[in-house]
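Numbering-wise, the sequence shown is residues -11 to 234 according to my numbering. We put the beta carbon where it would ideally sit given N, CA and C, even for glycine. Here the structure is a predicted model, which is why all the values come from computation and not from measurement.
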Amino acid sequence: MDGPSGQSEQGGSVSGELATRLSDLARELQQENDVDTVLSGIVQAAVQLIPGAADASISVVTGRKAIDSPVASGDLPRRVDALQSSSGQGPCLDAAYEERIVRVPDLRTETRWPAFSRGAAELGARSMLSMQLFVEGDRLGALNLYGAAPNAFDLESEQIGLLVAAHAAVAFADSQKISQLNEALISRQLIGQAEGILMERYKLTAQQAFMVLTRASTTSNTKLRDVAENLTSSGEIPPGIRPRPS
């Protein structure tokens, strides 16, 4: 009786500890507003929490399956992710585009992506676990885990990995919204400052000043924010569109 009871208590203790650590992770990530900081936190948590993970990275896949890995725990993940991008195949791409989770028991014997598997094994990767992290228009994200030995990942790794990915996806979405809001506020401030310069220099109304900026943006094929930033930093606007003083 003591044996089963002890096992149950131990399992409950492990599950309780995991729940606490995931709760702490969610709280820590949601307190961060910087996207890169959030991504770094996700990678660190993945290595600490997911059984078998020796390294981790987050890959963002865009357009024609071009992979960018803004955050990685070391050099190996970056090199393997670059190999996936150059070969156009691998578990990260499959997880991001087609499947929720992809496990690679042994890269030395893997046959699903021959070119990638051979190159990854030569780089020193032994096993991998990739899972979809987010889908944002034509941008997809995947969390990639790297094992130091074959068969480093099991069902428990997948289950905990999905929990980490779920918490991470929410935190990432929140940080993206905050980042976009901050960027919008900065853009609005720059445009307002540029309007003020034009209004004072050329005696224009706010609407007239905004139209001058819009015309400069269209004529030069430059974003309105960049036109405003150039004006506020240099005091100059593109020639040929300067309004005449009243």
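Fully enclosed beta strand (DSSP E) runs of no fewer than 3 residues occupy 43 to 50 and 54 to 60 of the region 2 to 65, in order along the chain.
In the three-state scheme derived from DSSP, where H, G and I count as helix and E and B as strand, Phe198 is classed as helix. Looking at the backbone, the Cα of Ala109 and that of Gly4 are separated by about 36 Å. Collapsing the DSSP output to three states places Gln120 in a strand.
Arg176 sits in a helix when the DSSP states are folded into three classes. The C-beta separation of Ser57 from Ser45 comes to about 5 Å, placing the pair in contact by the 8 Å criterion. Taken through DSSP and simplified to helix, strand or coil, Ala159 comes out as helix. By the criterion of at least three beta-carbon pairs nearer than 8 Å, the region 31 to 44 is in contact with the region 135 to 143. Short of 8 Å from the beta carbon of Ile89, and not among the five residues preceding or following it, lie these beta carbons of its own chain, in chain order: Ala83, Leu117, Ser118, Met119, Gln120, Glu146, Gly149 and Leu150. When the beta-carbon positions are compared, Leu81 and Lys53 come within less than 8 Å of each other. Here Gly112 is near Leu64, since their CB atoms are less than 8 Å apart. In the three-state scheme derived from DSSP, where H, G and I count as helix and E and B as strand, Asn218 is classed as helix. The Cβ atoms of Glu217 and Leu186 do not sit closer than 8 Å to each other. Contact annotation: Ala153 and Leu131 have beta-carbon atoms nearer than 8 Å. By the Cβ neighbour-count rule, Ser221 is exposed, with fewer than 16 other Cβ atoms within 10 Å of its own. Between Trp101 and Gly78, the beta carbon gap of about 5 Å places them in contact (Cβ cut-off 8 Å). The beta-bridge partner set that DSSP reports for Arg91 consists of Leu117. Nearest in C-alpha terms to Arg127, of all of Ser47, Gly184 and Phe104, is Ser47.
Across the set Val123, Ala103 and Arg114, the C-alpha of Val123 shows the shortest separation from the C-alpha of Glu86. Annotation: the continuous alpha helix (DSSP H) that includes Gly107 extends over Pro102 to Leu111.
The beta carbon of Ala60 is closer than 6 Å to those of Ser45 and Arg66 in its chain, skipping five residues each way along the sequence. DSSP, read as helix, strand or coil, puts Leu192 in coil.
According to DSSP, Arg127 shares a beta bridge with Thr50 and Glu124. Beta-bridge partners of Tyr134 (DSSP): Asp43 and Met116.
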